[in-house]
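Note that our numbering has the sequence shown beginning at 19, numbered continuously upward. Notes for the one structure printed next.
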Amino acid sequence: MMIARLKNANKIYETQAGKFTALANCNLELYEGELLLIIGPSGSGKTTLLSLLGCLINPTEGTLEIDGKNVDDLPDKEMAKVRLDTIGFVFQQFNLLAPLTAAENVAFPLKMRNMKTAEIKQKTEEALKKVNISEHKHKLPKQLSGGQQQRVAIARALVTDPKIILCDEPTASLDKHSLEIVMKELKELAEGGKAVAVVTHDPRLMEYADRVIEVENGIVNEVNKQTIN
Ligand SMILES: Nc1ncnc2c1ncn2[C@@H]1O[C@H](COP(=O)(O)OP(=O)(O)OP(=O)(O)O)[C@@H](O)[C@H]1O
Ligand SMILES: [Mg+2]
Numbered sequence: 019m020m021i022a023r024l025k026n027a028n029k030i031y032e033t034q035a036g037k038f039t040a041l042a043n044c045n046l047e048l049y050e051g052e053l054l055l056i057i058g059p060s061g062s063g064k065t066t067l068l069s070l071l072g073c074l075i076n077p078t079e080g081t082l083e084i085d086g087k088n089v090d091d092l093p094d095k096e097m098a099k100v101r102l103d104t105i106g107f108v109f110q111q112f113n114l115l116a117p118l119t120a121a122e123n124v125a126f127p128l129k130m131r132n133m134k135t136a137e138i139k140q141k142t143e144e145a146l147k148k149v150n151i152s153e154h155k156h157k158l159p160k161q162l163s164g165g166q167q168q169r170v171a172i173a174r175a176l177v178t179d180p181k182i183i184l185c186d187e188p189t190a191s192l193d194k195h196s197l198e199i200v201m202k203e204l205k206e207l208a209e210g211g212k213a214v215a216v217v218t219h220d221p222r223l224m225e226y227a228d229r230v231i232e233v234e235n236g237i238v239n240e241v242n243k244q245t246i247n
């Protein structure tokens, strides 16, 4: 099932130096049940692409469909609701709140929705369990390893049960062992039916991908995995 589709999407940034096309005429479909890898050199437009898919920015031209609905022309408030309901984000810097424990960080998006305490607790436990981090739930971020922090960040992204999980360099600060654990978790989420898109510089992530696209100078191309491996 297709969950997101960018059609003829451009992103043009206005700067003091003039207009800059960060993404040109991009057509991309994202499907439930797949792990899509997005590769490409620094400055090529990967984060821009992920931000478009995540409804964090609007395309300058073109359209974005999420779950069959056009969202690019929605008012900000409704776009924010689509984002909250449908999308989970995982970033390179884990973006955990330092004074909160692992469990409190995971519970945070649910608290913002005024959910009942018992339900928050149950959903938080489930998410922590899914990424095998329950035993560390009472620790603060600084008491966790990089890989553990990233698993908490993944638990926080999936606690709202979003259909789409978007990750920007989620393994960049991790050693080989932690990288494997994090990628296995993301792969399992895809196999469980989520649409997972991962931006990376790291060729080691290729083996986890169902599909690979490359962004170069703002142009998106599908990559044949076999020719890279
Ligand atoms: N808010 C902005 N205003 C102006 N230009 C921007 C803005 N955001 C990004 N750009 C430019 O758009 C281009 C693409 O940026 P983007 O962050 O998408 O690259 P990236 O592929 O994610 O790079 P990296 O691998 O280094 O993270 C870059 O040349 C960048 O300078
Ligand atoms: Mg980037």
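We put the CB at the ideal spot given by N, CA and C, even for glycine. Only a predicted model underlies this, so the values are computations on that prediction, with no experimental measurement involved.
**Study point:** C-beta contact flag for residue 28 and residue 77 at 8 Å
**Key:** yes
Point to revise | residue 182 vs residue 66 beta-carbon contact at 8 Å | key: Cβ atoms of residue 182 and residue 66: not closer than 8 Å.
Practice item. Have a look at 87, 166, 138 and flag the residue whose alpha-carbon is nearest the alpha-carbon of residue 114. Key: The shortest C-alpha separation from residue 114 is found at 166.
Review point. Can you round the beta-carbon distance between residue 234 and residue 62 to whole angstroms, since I take them to be within the 8 Å contact cut?
Key: 5 Å
Review point. Under the three-state reduction of DSSP, which class applies to residue 46: helix, strand or coil?
Key: strand
Practice item. Could you tell me whether any non-hydrogen atom of ligand 2 is closer than 7 Å to the CB of residue 29? Key: No.
Exercise for review: Using three-state DSSP, classify residue 92 as helix, strand or coil.
Suggested key: coil
Exercise for review: Starting from the Cα of residue 72, find the closest Cα among 185, 191, 242 and give me that residue.
Suggested key: 185
Review point. Closest to residue 83 by CA distance: which of 46, 52, 57, 53 is it?
Key: Considering only alpha carbons, the answer is 46.
Review point. Buried or exposed: which applies to residue 98, given that a residue is buried once 16 or more other Cβ atoms fall within 10 Å of its Cβ?
Key: exposed
Check your understanding: Does the region 168-180 come close enough to the region 125-139 to have 3 or more Cβ pairs within less than 8 Å?
Key -> yes
Point to revise | Cα-Cα separation, residue 42 to residue 32 | key: Residue 42 and residue 32: Cα-Cα distance of roughly 15 Å.
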